[in-house]
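>
There are 2 protein chains.
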Amino acid sequence: MDFLEKLAGAVRKNKSLVCVGLDPDPSLMPEGIGVLDFNRAIIQVTSDFACAYKPNFAFYEALGIEGMIALRETVKSVPANIPVIADAKRGDIGNTAKAYARAIFDCFGFDACTVNPYLGSDAVEPFVQYRDKMTFILCRTSNAGAADFQSLRCETPKGTKQLYEIVAEKASVWNEHGNVGLVVGATYPDELKAVRARYPETPFLIPGIGAQGGDLAFTVKNGLDKNRERTVINSSRQILYASRGKDFAEAAGKAAKTMRDQINAVLAS
Amino acid sequence: MDFLEKLAGAVRKNKSLVCVGLDPDPSLMPEGIGVLDFNRAIIQVTSDFACAYKPNFAFYEALGIEGMIALRETVKSVPANIPVIADAKRGDIGNTAKAYARAIFDCFGFDACTVNPYLGSDAVEPFVQYRDKMTFILCRTSNAGAADFQSLRCETPKGTKQLYEIVAEKASVWNEHGNVGLVVGATYPDELKAVRARYPETPFLIPGIGAQGGDLAFTVKNGLDKNRERTVINSSRQILYASRGKDFAEAAGKAAKTMRDQINAVLAS
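In the order they appear, the protein sequences are chains E and H.
Count the first sequence with the numbering used here and you get residues 1 to 269, in order.
Count the second sequence with the numbering used here and you get residues 1001 to 1269, in order.
In structure tokens:
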């Protein structure tokens, strides 16, 4: 089953567009619990409310080899019907990108990966060659520094365009097999709306809700794909760290359910 | 000792600007040897001819947990007087970039790291905060796809500039503590020459020699810093895979020495 089928299945089953970002930070986690146990508890209480999970490699690499083992086991701990996105933001020259794609898809068994476009086509190509996997290209990231380069106006044969718009265009060229999506942050509502209007069917991974301050209602109204089953709205800290007490899992489950229901309320309004 | 002191020491001791890229690919390695043993053999025969080592994370991640252990042990196997550069090309939002910086500098113990600029200032900041470590910003990468975005002409208050030039300018702003360098590929000689002319003292990591086809003599003549001790010219495959036979280590040592001597011959001419 390819990524989009798996995602659509989870979206329908759980009536959810919520992607849970699995970014374990020991300084925010309840004391005395290991990363893998923490993740497993979070997965257990959120798996009826999530359409996808998204571990970010940084939080595992920061814990060394133990962290990488926890990452591997975390991917295996996600129910088989819910896709897992590697938030790895990789990007390297062709020969090397091939090794990264192998690491993420074959070795760790992820269903999708985020990829940085700065190195151009040959950095993306080895990921896209995995046709049943999804490659999400960083288009407009959710952070403040995004504007530094992504907002630059660049010359093109059809007039000037901002860099993130040119990236989105290029991604649609790379998308000949229907397995290339975009990362567009909820913290840039105008940009999100514009890119979505231009690409109504493209899979979007939307970070920036919650701790980063993106507006959920605006995102739901302006960020979803036509069929409402190819867009995942991510939340990490707001769900994972809803409580630092013994009730952390219960609180995370509630936070995920609340976010799911808020999205559905906007959709129904 | 900070990165630049360590690098200058190795450059002088070994009279070398050669950085050995430690990119173990089992399909190219001699049969029956493990990655760590391979790397240790390569390090042993090249440590009199190299000024730096540069493992690329992709090749280790592709081997799973075993690969990451080999990476950790490889860093420890490099003589203490030679700096080790993490070719990780990381780039993520501030909070996450902090975890990557911790992983690379604290956990693995690297002396320097390559960082992708697409996410802007807050993606770079956590790396630069490690003042005794070097952050090499991807400016002009060595691959064919580099031109896709890096060559775009962008509007600036001072007229149009190509994206890689704007990245170089931004990197010089980030360089207030003298620990930000640039990655500029030897496969783009005009760009290399132009960026070097503009920033005569900035540390450069220059990939693209050897298998990728960059011209060594041109690179030496036009790519070095003023003092000739802040520029590392990388070669991976040409050294590592000089032979696939039992003499692989001997052949790699010879290839490293040859490259070092070729560089010095150009400098002396």
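A virtual CB, placed ideally from N, CA and C, is assigned to each residue, including glycine.
Are any of the Cβ atoms in chain E nearer than 8 Å to that of H/R1153?
yes
> So which residues on chain H does E/C107 lean against when the C-beta distance must stay under 8 Å?
E1061, A1062, L1063, G1064
> Here's the rule: buried if 16 or more other CB atoms are within 10 angstroms of the residue's CB, otherwise exposed. What is H/L1216?
buried
> So, helix, strand or coil for E/E31, using DSSP?
Looking at E/E31 - three-state DSSP - the assignment turns out to be coil, as it is neither helix nor strand.
> When you compare only the Cα positions, how much space is there between E/E73 and H/N1227?
49 Å
> Just to make sure I have the definition right: I need the residues of chain H whose C-beta is within less than 7 Å of the C-beta of E/D102. Which are they?
Per the sequence presented here, residue 102 of chain E reads as Arg, with Asp not at that position. Ordered by position in chain H, the residues that pass the 7 Å Cβ test against E/R102 are A1062.
> Looking at chain E, is there any beta carbon in it that lies within less than 8 Å of the beta carbon of H/S1142?
yes
> Any idea what DSSP makes of H/L1182, helix, strand or coil?
When secondary structure is reduced to three states using DSSP, H/L1182 falls in the strand class.
> Starting from H/A1146, trace the alpha helix (DSSP H) in both directions and tell me its first and last residue.
From DSSP, H/A1146 is part of no alpha helix (DSSP H); its letter is neither H nor E.
> Just tell me which of E/K133, E/S151, E/V128, E/D132 has its CA closest to the CA of E/C139.
Checking every option, the nearest Cα to that of E/C139 belongs to E/S151.
> Between E/V195 and E/I137, is the Cβ-Cβ spacing less than 8 Å?
At the C-beta level, E/V195 and E/I137 stay beyond 8 Å of one another.
> Assuming E/T89 and H/D1148 make a contact with CB atoms under 8 Å, what is their CB distance in whole Å?
Before going on, a small fix: residue 89 of chain E reads as Lys here, not Thr. E/K89 to H/D1148, Cβ: 17 Å. No contact.
> Do H/P1083 and H/A1010 have their CB atoms nearer than 8 Å?
yes
> So, is the C-beta of H/A1112 closer than 8 Å to a C-beta in chain E?
no
> Output the residue ranges of the beta strand (DSSP E) runs that lie fully inside the segment 1167–1230 of chain H and measure 3 residues or longer, sorted by chain position.
1180–1184, 1204–1206
> From the DSSP output, which residues share a beta bridge with E/R140?
DSSP, once it has assigned bridges, lists E/V184 as partnering E/R140.
> Compute the distance between the beta-carbons of H/S1077 and H/N1116, then report whether it is under 8 Å.
no
> Scan the segment 53–86 of chain E and note each continuous alpha helix (DSSP H) run of 4 residues or more that stays entirely inside, going in chain order.
57–61, 64–77
> Does the CB of H/S1121 have a neighbour CB from chain E at under 8 Å?
Yes, contact with chain E.
> Of all Cβ atoms in chain H, is any one closer than 8 Å to the Cβ of E/K133?
no
> Compare the C-beta of E/I69 with all C-beta atoms of chain H and state if any pair is closer than 8 Å.
yes
> Is any beta-carbon of chain E found at less than 8 Å from that of H/A1099?
yes
> To the nearest angstrom, report how far apart E/Y164 and H/A1242 are at their CA atoms.
Taking the straight line joining both Cα atoms gives about 41 Å.
> How big is the Cα-Cα spacing for E/I166 and H/N1234?
31 Å
> Please report whether the beta-carbon of E/R72 lies at a distance below 8 Å from any beta-carbon of chain H.
yes
> Once DSSP output is grouped into helix, strand and coil, what is the label at H/C1107?
helix
> To the nearest angstrom, how far is it from the Cα of E/T141 to the Cα of E/Y188?
8 Å
> Kindly list the residues whose CB is nearer than 6 Å to the CB of H/F1248, restricted to its own chain and excluding five residues on each side of it in sequence; keep chain order.
The answer, listed in chain order, is P1030.
> From the DSSP output, which residues share a beta bridge with E/V232?
Checking the DSSP bridge columns, you'll see E/V232 partnered with E/L205.
> Kindly examine the ligand GTP and report whether one of its heavy atoms sits closer than 7 Å to the Cβ of E/L71.
Questions concerning the ligand GTP fall outside what the structure shown contains, since it holds no ligand whatsoever.
> Please compile the residues from chain H whose C-beta is within a distance smaller than 7 Å of the C-beta of E/G91.
K1089, N1116
> How is H/G1159 classed by DSSP in three states: helix, strand or coil?
strand
> In the DSSP assignment, the beta strand (DSSP E) including H/A1112 goes from what residue to what residue?
1112–1115
> Is it the case that the segment 100–107 of chain E contacts the segment 1061–1068 of chain H, given that we only count it when at least three CB pairs across the two stretches are under 8 Å?
yes
> Going straight from the alpha carbon of E/G145 to that of H/D1122, what length do you get?
Roughly 5 Å between the two C-alpha positions.
> For E/T46 and H/K1221, what's the separation of their Cα atoms in angstroms?
About 59 Å.
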